[in-house]
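Written below as structure tokens is the structure these notes are about.
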Amino acid sequence: MYEGAAFPSPEALMACRGLARLKPLEEPMAQFYAELGLHRLLSHHPWRVRDPSEATLFYVPVLPHLDQDAGRCNGTGHKARMMQVASALQASPAWQRRNGTDHVWACTCVMMRSMLTNSLWELLRTAVHAVHSVPRGKASPSACQLTIPYFNPTFASISPSARMPGLVRSTLAHFRGRVMNRVRSVLVKRYQGVRGFLVQAAHPSTAARCNLNKCNRKAMAKVGFFPERHFAEMTTSTFCLVPVGDSPPSSRLYLAVAAGCIPVFISDGFKGAFSPIVPWDTFSLRIPEKNLLDPGFNLTDKLISVATDHATLFQLQHSLREHAADVLYEVSGSRLADHFLQSAYMAVSQVCSPWANSNATLGISWDRGA
Numbered sequence: 003m004y005e006g007a008a009f010p011s012p013e014a015l016m017a018c019r020g021l022a023r024l025k026p027l028e029e030p031m032a033q034f035y036a037e038l039g040l041h042r043l044l045s046h047h048p049w050r051v052r053d054p055s056e057a058t059l060f061y062v063p064v065l066p067h068l069d070q071d072a073g074r075c076n077g078t079g080h081k082a083r084m085m086q087v088a089s090a091l092q093a094s095p096a097w098q099r100r101n102g103t104d105h106v107w108a109c110t111c112v113m114m115r116s117m118l119t120n121s122l123w124e125l126l127r128t129a130v131h132a133v134h135s136v137p138r139g140k141a142s143p144s145a146c147q148l149t150i151p152y153f154n155p156t157f158a159s160i161s162p163s164a165r166m167p168g169l170v171r172s173t174l175a176h177f178r179g180r181v182m183n184r185v186r187s188v189l190v191k192r193y194q195g196v197r198g199f200l201v202q203a204a205h206p207s208t209a210a211r212c213n214l215n216k217c218n219r220k221a222m223a224k225v226g227f228f229p230e231r232h233f234a235e236m237t238t239s240t241f242c243l244v245p246v247g248d249s250p251p252s253s254r255l256y257l258a259v260a261a262g263c264i265p266v267f268i269s270d271g272f273k274g275a276f277s278p279i280v281p282w283d284t285f286s287l288r289i290p291e292k293n294l295l296d297p298g299f300n301l302t303d304k305l306i307s308v309a310t311d312h313a314t315l316f317q318l319q320h321s322l323r324e325h326a327a328d329v330l331y332e333v334s335g336s337r338l339a340d341h342f343l344q345s346a347y348m349a350v351s352q353v354c355s356p357w358a359n360s361n362a363t364l365g366i367s368w369d370r371g372a
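In our numbering, the protein residues as written are 3 to 372.
This is the structure in structure tokens:
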């Protein structure tokens, strides 16, 4: 892990006036700052070495999103700080050794090009990029990408008692979010108002920006709905529906885990981070998109059959409680960083190499043409 003046700590950036004004780490906007969650975990990780010659993998602690929000601070601006990162990497023998191909960095905001600036964007092409999902088009400079969980520091730090198996949960199934595709449209039309279901589209007046995944507090206030209430609903639900959105991944998956709510994938291209290291199939259900779209399919019957099979439900809830530490940054004893390092090493040593194939099962993608 790099350190030095070119790599200011999160604490140094958080002291800057821009971050104090924006307060970006309030929920739900915090989800776009996984770079911060990783930095915190890796800074004190037991696998970290201080001698670069002993390292087989290098983490670049660049914080593009946080740094941009910090703005001008201590006499330097964001662009100048990103140029300092680029200069430090170019001068590093560790980077020069393999042209950065054994390096990994994180930025999960789709508007990252402007955050990185041109010089750093070009330089990081050879390194592994940790993202929420493989970016569409040319949204990432890197040919090799690795899927990591969303960051929800406030909600994920909820007491583990919320994930105890056997708790009474008044709602069978929960979904509240934007409707932007056929899967979500069918889900809302068929199950909104159904007994046991809390399924609602986001408020029309703020549908483009107001739900748990994308919102600002001002927009929430206009409709009298806050993310804390949304998350509270999940803690009283047995199943949390995770339908495909504008991309396969969704932060609601990790919020469901934090809430002790069994995730129900309705997103064919979404496997969850660190699969198969993390056995998602032991604490989640999966409904193919085509099944939900089939007029003859009854989601209510499917979920009730699981909920009333007490042994099966207990096993799902028990497994979720056991594996929450695999995918949540803020829980006590988090193993997320272990899985990240294992996956990143697999990417640089096996998957993202000229003789290997991309492995979507592992959440790693490599574009030979990039």
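Beta carbons are placed, not taken as given, at the ideal position from N, Cα and C, and that holds for glycine.
Contact the segment 100-116 vs the segment 79-90: 3+ CB pairs below 8 Å: The count of Cβ pairs closer than 8 Å, one atom from the segment 100-116 and one from the segment 79-90, stays below three, leaving the stretches out of contact.
Beta-carbon gap between residue 36 and residue 150 smaller than 8 Å: Looking up residue 36 in the sequence shown gives position 34. Looking up residue 150 in the sequence shown gives position 148. The Cβ atoms of residue 36 and residue 150 sit closer than 8 Å to each other.
Cβ contact check for the segment 186-197 and the segment 164-173: 3 or more pairs under 8 Å: With a cut-off of 8 Å, the segment 164-173 and the segment 186-197 do not count as touching, because too few Cβ pairs lie within range.
C-alpha gap between residue 323 and residue 332, whole angstroms: Locating residue 323 in the sequence shown gives position 321, where the first residue counts as 1. Locating residue 332 in the sequence shown gives position 330, where the first residue counts as 1. Spanning the alpha carbons of residue 323 and residue 332 requires a straight line of approximately 14 Å.
Sequence ranges, alpha helix (DSSP H) only - wholly within the segment 246-323, length at least 4: If we require 4 residues or more, the alpha helix (DSSP H) runs fully inside the segment 246-323 come out as 254-261, 291-295, 301-309.
Rounded straight-line distance, which links the Cα of residue 251 to that of residue 141: Counting from 1 along the sequence shown, the entry for residue 141 is found at position 139. Counting from 1 along the sequence shown, the entry for residue 251 is found at position 249. When rounded, the distance between both Cα atoms is 16 Å.
Beta-carbon proximity check, residue 326 vs residue 259, cutoff 8 Å: Looking up residue 326 in the sequence shown gives position 324. Looking up residue 259 in the sequence shown gives position 257. Yes; because the gap between Cβ atoms is below 8 Å, this pair is in contact.
Close Cβ partners of residue 162 (< 8 Å) along its chain, the five nearest in sequence each way excluded: For the purposes of this step, residue 162 is identified with residue 160 of the sequence shown, where counting begins at 1. These residues qualify, in order along the chain: 323, 326, 333, 334.
Rounded C-alpha distance that separates residue 2 from residue 20: No answer is possible for residue 2: the residues shown for the chain start at 3 and end at 372.
Burial state of residue 46, where buried means 16 or more other Cβ atoms lie within 10 Å: Walking along the sequence shown from the start, residue 46 turns up at place 44. Exposed, since its Cβ has fewer than 16 Cβ neighbours within 10 Å.
Cross-strand partners of residue 239 (DSSP beta bridge): The residue you call residue 239 lines up with position 237 of the sequence shown. Per DSSP, the beta-bridge partners of residue 239 are 173.
Closest Cα partner of residue 177 within the set 75, 197, 241: Against the sequence shown, residue 177 aligns to sequence position 175. Of the candidates 75, 197, 241, the one whose C-alpha sits nearest the C-alpha of residue 177 is 241.
Residue 4 to residue 87 span [Cα, whole Å]: Taking the first residue of the sequence shown as position 1, residue 4 is located at position 2. Taking the first residue of the sequence shown as position 1, residue 87 is located at position 85. When rounded, the distance between both Cα atoms is 10 Å.
Through-space distance from residue 300 to residue 352, alpha-carbon basis: Against the sequence shown, residue 352 aligns to sequence position 350. Against the sequence shown, residue 300 aligns to sequence position 298. The alpha-carbon atoms of residue 352 and residue 300 are separated by roughly 43 Å.
Contact test: residue 42 Cβ vs the ligand MG heavy atom, cutoff 7 Å: For the ligand MG, the structure offers nothing, since it holds no ligand at all.
Beta-bridge partners of residue 201, as assigned by DSSP: Position 199 of the sequence shown, counting from 1, holds the residue named residue 201. Answer by DSSP bridge pairing, in chain order: 177.
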